[in-house]
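First up is the structure itself, then whatever we jot down about it.
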Amino acid sequence: MAARDADLAARDADLAAREAEVAELREQVRQLTEVVRRLEEQLGRNSNNSNKPPSSDPPGSKRPKRKKGKRRRGGQKGHRGSHRVLLPPEQVDDVIDLYPAECESCWKPLPETPDALAKRYQLTELKPLAAHTTEWRRHAVVCPCCGFKTRAKYDPRVLPRFSFGPRLMAVVSLLTGVYHLSRRQTVRLLRELLGVRMSLGSVSAIEKRVGDAVEPAVDEALEAALAAAVKHADGTTWLRAGVTLSLWVLATTAVTVFKVLANGQKDTLRAELFGRVRGILVSDRATALKFWAMKRRQVCWAHLARKFISFSERDGPAGELGEELLEYTGLLFEYWSRLRDGRLSRATFVERMAPVRRQLEAVLEKAVAAKLRGVSGSCADILEHRDALWTFVERAGVEPTNNHAERELRGIVLWRRRSFGSQSERGDAFAAHMMTIAHTARKQGREVLDFLEACCAPRPEGSPAPSLLVPG
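In this text, residue positions in the sequence shown follow my numbering: the first is 950, and each later residue adds one.
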């Protein structure tokens, strides 16, 4: 009897151990399944369902197909087409007149009589370009009376302080800072195109001089951006000699300003870029921008749409909530598109957006209550920005997306990817200054080269620097 009881106890202990082992293995399976789910979710992230840029998409990744339009490719019926417009006669350098030698009817000789309705053909060509070099000579003259030799005095107001003139310096900075040629490519292009020989060190020195010359214009553009009623902001990384910094853009309809900062933290942004809160700021939900009052912000709905797409790609309740959020977001963009195109009045737009706002916020609150991993927390954060979700409905002139800032940022991001950033603080400033000048000049209808030349040209002491902003 005792032996049987001992055997049963041993079996019970063995069974308990096996059940504990099974429970442990099940827990491991649950944990590993969760790890696999997270990894699959990370692998599935792209520019369509997250905040990752399109350049980060892997090769061969499929982009969502757009709905095929009703129009065929190419010119449409009734389209007049486009062609090169002939220059007016006063802008033509050379004219070659062709006259018929004899009459096609009677074969008699014809006089060379100009025809006001002559058929015109034009060929535009580049003449060989050449730089123009000016030399100053300080002569020493021997006095015929006493024999003393006197040399012309050194006058810094007359003699050049640098080996290259304003326009050449403007061209160099345009090539490296706007068209993003390397310094070596710039040196080669100057030699082949203009016959100018220049060292790499001279290119670097020119960049410094031009960067300093345009600094007042950059400061002017920054002040205009900060004072604007509506401004867009976005940030990304920047590299200086392998060290990761923060690059920010501040864009309005009139100006665009770039600035490289030590980091993208709230205190740094407030002290070195934004200063005091002025106007409405359109941005993503970056925590560093929480110092800006929510009622004076507009959160980017394009970012939110990508977040909702990532929800919809999940199984179960998370996917259903994502689909529902996308449905209301689609209505939002449809109504905004109609307002922007003039097919909807603002009063009607505000009226139609009211139920969309209520229903979308209700879905977000339902998602928070569902306590779904990776979904509820994001929806709770979106609701924390509730006052910044609908500013574009309440105020005219505010857009629902931050696409403006993202487009402005794209050019300098491509520069960073090609050149791996800069190697010094001076390089940071040059890159930011030149892109600021280029983007703002485009918005102001100014020629970048002419403005750079004006900044580099000598001017009387105390005279103001050229203004980048067109009055009015």
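Each residue gets a CB set at the ideal place from its N, CA and C atoms; glycine is no exception.
Residue burial annotation: Gly1213 is buried, with at least 16 other C-beta atoms found within 10 angstroms of its C-beta. Arg1367: not part of any beta strand (DSSP E); member of the alpha helix (DSSP H) spanning 1352-1368, first to last residue. Close CB contacts of Arg1301 within its chain, under the 6 Å cut and outside five residues either way in sequence, are with Tyr1284 (chain order). Along the region 1220-1293, the beta strand (DSSP E) occurs as fully enclosed runs of 3 or more residues at 1229-1232, 1246-1248, listed in sequence order.
An exposed status is given to Val1192, since fewer than 16 other beta-carbon atoms sit within 10 Å of its beta-carbon.
Apart from the 5 residues on each side of it in sequence, Trp1339 sits with its Cβ closer than 7 Å to the Cβ of Arg1306 in its chain, given in chain order.
A buried status is given to Ser1327, since no fewer than 16 other beta-carbon atoms sit within 10 Å of its beta-carbon. Within the same chain, and ignoring the five residues on either side of Tyr1128 in sequence, no residue has its Cβ closer than 6 Å to its Cβ.
Among the bridge pairs identified by DSSP, Trp1197 is matched with Gly1184, Lys1208. In this structure, Val1204 lies near Ala1173, with their beta-carbon atoms less than 8 Å apart.
Annotation for Arg1021: no beta strand (DSSP E) segment contains it, and DSSP assigns it neither H nor E. One alpha carbon belongs to Tyr1070, the other to Arg1391, and they sit about 32 Å apart. Contact between Phe1260 and Leu1270 holds, with the beta-carbon distance rounding to 6 Å and staying under 8 Å. Setting aside the 5 residues that flank it on each side, Arg979 has no residue in the same chain whose C-beta is closer than 7 Å to its C-beta.
Here DSSP, grouped into helix, strand and coil, assigns Ala1089 to strand.
Three or more Cβ pairs drawn from the region 1156-1165 and the region 1389-1409 lie within less than 8 Å of each other, which places the two stretches in contact. Judged by beta-carbon spacing, Leu1275 lies within the 8 Å limit of Ile1258, meaning their Cβ atoms are closer than that value.
When C-beta atoms of the region 1102-1118 are compared with those of the region 1037-1050, fewer than three pairs fall below 8 Å, so the two segments do not count as touching.
In terms of Cα proximity to Gly1346, the closest of Ala1242, Leu1230, Gly1360 is Leu1230. Note: Lys1392 is not bridge-paired with any residue in the DSSP secondary-structure output. Just so you know, the alpha carbons of Glu1314 and Pro1304 end up roughly 15 Å apart.
Of the residues Arg1227, Ser1195, Phe1298, the one whose Cα lies closest to the Cα of Lys1244 is Arg1227.
Within the same chain, Val1312 come within 7 Å of Glu1273 by CB-CB distance, once the 5 residues on both sides are set aside. Using a Cβ-Cβ distance cut-off of 8 Å, the region 1135-1149 and the region 1364-1372 are not in contact, since fewer than three pairs of beta carbons, one from each stretch, lie closer than that value. A distance of 8 Å or more separates the beta carbons of Leu1222 and Ala1237. Annotation: the continuous beta strand (DSSP E) that includes Arg1100 extends over 1098-1100. Residue nearest to Glu1402 within the set Leu1123, Ala1337, Ala959, Phe1097 is Leu1123 (criterion: CA-CA distance). Taken through DSSP and simplified to helix, strand or coil, Pro1063 comes out as coil. In the three-state reduction of the DSSP assignment, Glu1051 falls in the strand class. Looking at the backbone, the Cα of Glu1374 and that of Gln1393 are separated by about 28 Å. In the DSSP assignment, Ile1045 falls outside any alpha helix (DSSP H), carrying neither H nor E. Around the beta carbon of Phe1240, fewer than 16 other beta carbons lie within 10 angstroms, which makes this residue exposed.
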